[in-house]
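The structure appears right after this line, and notes come after that.
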Amino acid sequence: MNNRDETPKGAGFVLERSCQRDIFIPEHLPEEAIAFGQTAYEFVEREIMPRVDEFEAPETKIQTNIETMKKAGELGLLMLEVPERYGGLGLGLTATSYLSERVAQYGAFTVTLLCHTGIGTMPILYFGNEEQKQKYLPKLATGEWLAAYALTEANHGSDALGARTRAVLSEDGKHYILNGEKIWITNGGFADVFTVYAKVDGVHFTAFIVERSFPGVSTGPEEHKLGIKGSSTCSVILEDVHVPVENVLGKLGAGHKSALGVLDVGRYKLGIGVIGNCKRVMGISAAYANERHQFKKPISSFGMIRRKLADMASKVFAVESMAYRTAGMIEDAVHTLDEAAPDYAARCAKVFEEYNIECSILKVAGSETAAFVVDEAVQIHGGYGYMEEYEVARAYRDERINRIFEGTNEINRLLMPATLLKRSMTGRLPVMPQFMQLNKALQAGGAGLLDGFDGQPLEQLVKMAESARLLTLYAFGATLRKNMTNIQKPDFVMGVGEYYFEKLANMMMAVYAMDSSVKRAQKLLAERGEKAENAVALAKLACFEAMTTITTEYRTLVSGLAAGDSGVLDTLMDVANTLTYFAPIDVISLKDQVAAKVIDMERYYV
6 MNNRDETPKG AGFVLERSCQ RDIFIPEHLP EEAIAFGQTA YEFVEREIMP RVDEFEAPET
66 KIQTNIETMK KAGELGLLML EVPERYGGLG LGLTATSYLS ERVAQYGAFT VTLLCHTGIG
126 TMPILYFGNE EQKQKYLPKL ATGEWLAAYA LTEANHGSDA LGARTRAVLS EDGKHYILNG
186 EKIWITNGGF ADVFTVYAKV DGVHFTAFIV ERSFPGVSTG PEEHKLGIKG SSTCSVILED
246 VHVPVENVLG KLGAGHKSAL GVLDVGRYKL GIGVIGNCKR VMGISAAYAN ERHQFKKPIS
306 SFGMIRRKLA DMASKVFAVE SMAYRTAGMI EDAVHTLDEA APDYAARCAK VFEEYNIECS
366 ILKVAGSETA AFVVDEAVQI HGGYGYMEEY EVARAYRDER INRIFEGTNE INRLLMPATL
426 LKRSMTGRLP VMPQFMQLNK ALQAGGAGLL DGFDGQPLEQ LVKMAESARL LTLYAFGATL
486 RKNMTNIQKP DFVMGVGEYY FEKLANMMMA VYAMDSSVKR AQKLLAERGE KAENAVALAK
546 LACFEAMTTI TTEYRTLVSG LAAGDSGVLD TLMDVANTLT YFAPIDVISL KDQVAAKVID
606 MERYYV
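So for the sequence shown, the working numbering puts the first residue at 6; every next one is plus one.
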């Protein structure tokens, strides 16, 4: 990994001038990471794709999953993040990100594998004690044992900490006795080890390592799902399960730390994983568009089809840029930690917490990009896209769960500004002081706020990204100032406050997409020169779309802040007029340029 500037704070992109910080980009992946990614891709093509019917048939689903996960373990695909002392390879997040992307060719198996390596294994790695790690991690790293994560209950989905599963200490003090039922558990039909959350004495929310072999553990029937039919999803039933006290994961009553911390990992991995499938679907669509003829011409020559492929590519470019930037920041932060420290793994988990806003952004942006890509893929295929014999039909069904997994997109949208608000109010990030400085500059006329980028590569894109950042910072500060007395009241946050938070979240995502896309294009331009033409085109398209989102959301947001007062509205719109900058971008020509590459190569191309 390249040496970069001092590791930034989470959500620092809201406070720092645009494109001034170096970032990690996927083009800089080390050879070792690329090799593992290629191994993963070849494994999926060889072992998974020819057996999709076996994965999805009820009578063969479980055994097929077990067999293929064991083979994945033999190839080392389950051990990348597990430290060497526990039988793994101890590779960083950039390497595991690429593997997650390359393995993501068939939605159901992607879910199975990433559940095992992510939310299945990570609670023990990050929050387990040394004895627990020595006992479980070597088996999980090789695939000898497979893992699942049991949090959700029938009446507690997004409100996971409201769980009703109970645990009481046995009279001899050697076991906790668990009773309850968890639902929709991925890998539930075959997992050997579950991280289960229960309330000790109905009060203390605690994590437990529960083995399938413990008496009283059983699973319900497989769920009949809309998509990802090849993955196992069922309930896990706990009836007087005696769990040894040494299997308490973390501290008593501190289950929220692993429950919420591991979700950050899961959100990140979902965001990067879906990009792999987006690229596959894009390639399939381009090939189909070249083969399909209408009016004696391939439909790939039609403007609307070309526009669809270009839009797919620009959205994927933006999410991919954000994802590997985030992976680089997390990996850099982890590298500053002392691996010999007894709390090393727990500190790694805190790194993910530092970047939980970025993880939520990737979850939402990744899943919604995947939704867009597969929907357009079906449209390109026309009536054939609706037929199950075509892969895009299955991809369409499989994609839908991504906006629900790992906390719904609605919950993640609430988390982004809420976390930024909390960090501002505790002094962890100087958001409000910077807003006050910006407001003072605007009251003085706003001169120079968008200056200082002359001579930089892609300076007009950088200026547009800075325009977006300042609009977002102002929107956040104005929202907080207007609602200061209500902002921490649950009734407000879960009511009308959600409206404001949704708009702010969309603006934050757009800023991160712009900053990441432009910086990546700058780096590639410096390295490739004219050969970076397509990367620059993709960055321009990503920026144009993101800036359109920023300005639309700002106008909608301030209409609520003005509350019908025309004078206040005029003042807020004057801010938009001062700060908004659109770089001169020929969107129509750029889309045709990007589409030509996708159509010619029949794949995503940077």
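A virtual CB, placed ideally from N, CA and C, is assigned to each residue, including glycine. None of the values given here were measured: they were computed from a predicted structure.
Around the CB of Y517, 16 or more other CB atoms lie within 10 Å, so the residue is classed as buried. From the listed residues G78, R22, Q25 and P35, the smallest Cα separation to A45 is found for G78. Looking at the backbone, the Cα of C364 and that of Q493 are separated by about 23 angstroms.
Counting C-beta atoms within 10 angstroms of its own C-beta, M309 has fewer than 16 neighbours from the protein chains shown and is therefore classed as exposed. Listed in chain order, the non-local C-beta contacts of Y401 below 6 angstroms within the same chain comprise V379 and V383, local neighbours out to five positions each way being set aside. In the DSSP annotation of this structure, A449 is not part of any alpha helix (DSSP H), being labelled neither H nor E.
Within the same chain, E135 come within 8 angstroms of P347 by CB-CB distance, once the 5 residues on both sides are set aside.
Taking the Cα positions, M84 is about 46 angstroms away from G460.
Taken atom to atom, the span from the alpha-carbon of M512 to that of Y329 is near 20 angstroms. If you draw a straight line from the Cα of A480 to the Cα of E89, it comes to about 47 angstroms. Per DSSP, F377 is not a residue of any beta strand (DSSP E); the alpha helix (DSSP H) it occupies stretches across N361 to H386. For P249, the pairing in a beta bridge is given by DSSP as H180. Straight across, the Cα-Cα distance linking G112 with N282 is about 8 angstroms. In this structure, the beta-carbon distance from G193 to S237 falls below 9 angstroms. Around the C-beta of T126, 16 or more other C-beta atoms lie within 10 Å, and the residue is accordingly described as buried.
Within the model, the alpha-carbon separation for E336 versus P31 is close to 14 angstroms. In the three-state reduction of the DSSP assignment, K66 falls in the helix class, which pools H, G and I.
Around the beta carbon of Q299, a 10 Å sphere encloses fewer than 16 other beta carbons of the protein chains shown; the residue is thus reported as exposed.
The distance from the Cβ of L183 to that of V248 is about 6 angstroms, consistent with a contact at the 8 angstroms cut-off. When DSSP reads this structure, T224 sits in a beta bridge with V241.
Assigned with DSSP and collapsed to three states, L254 falls in strand. Inside the region 406–488, DSSP marks whole alpha helix (DSSP H) runs of 4 or more residues at positions 414–430, 436–448 and 464–487, from first to last along the chain. With a threshold of 16 other beta carbon atoms within 10 Å, D245 falls short and is exposed.
DSSP places K14 in the coil class of the three-state scheme, outside both helix and strand. With respect to F377, M317 sits close: the two C-beta atoms are nearer than 9 angstroms. Here the region 526–538 lies against the region 24–44, with 3 or more beta-carbon pairs under 8 angstroms apart.
In the displayed model, Y202 falls within a strand according to three-state DSSP.
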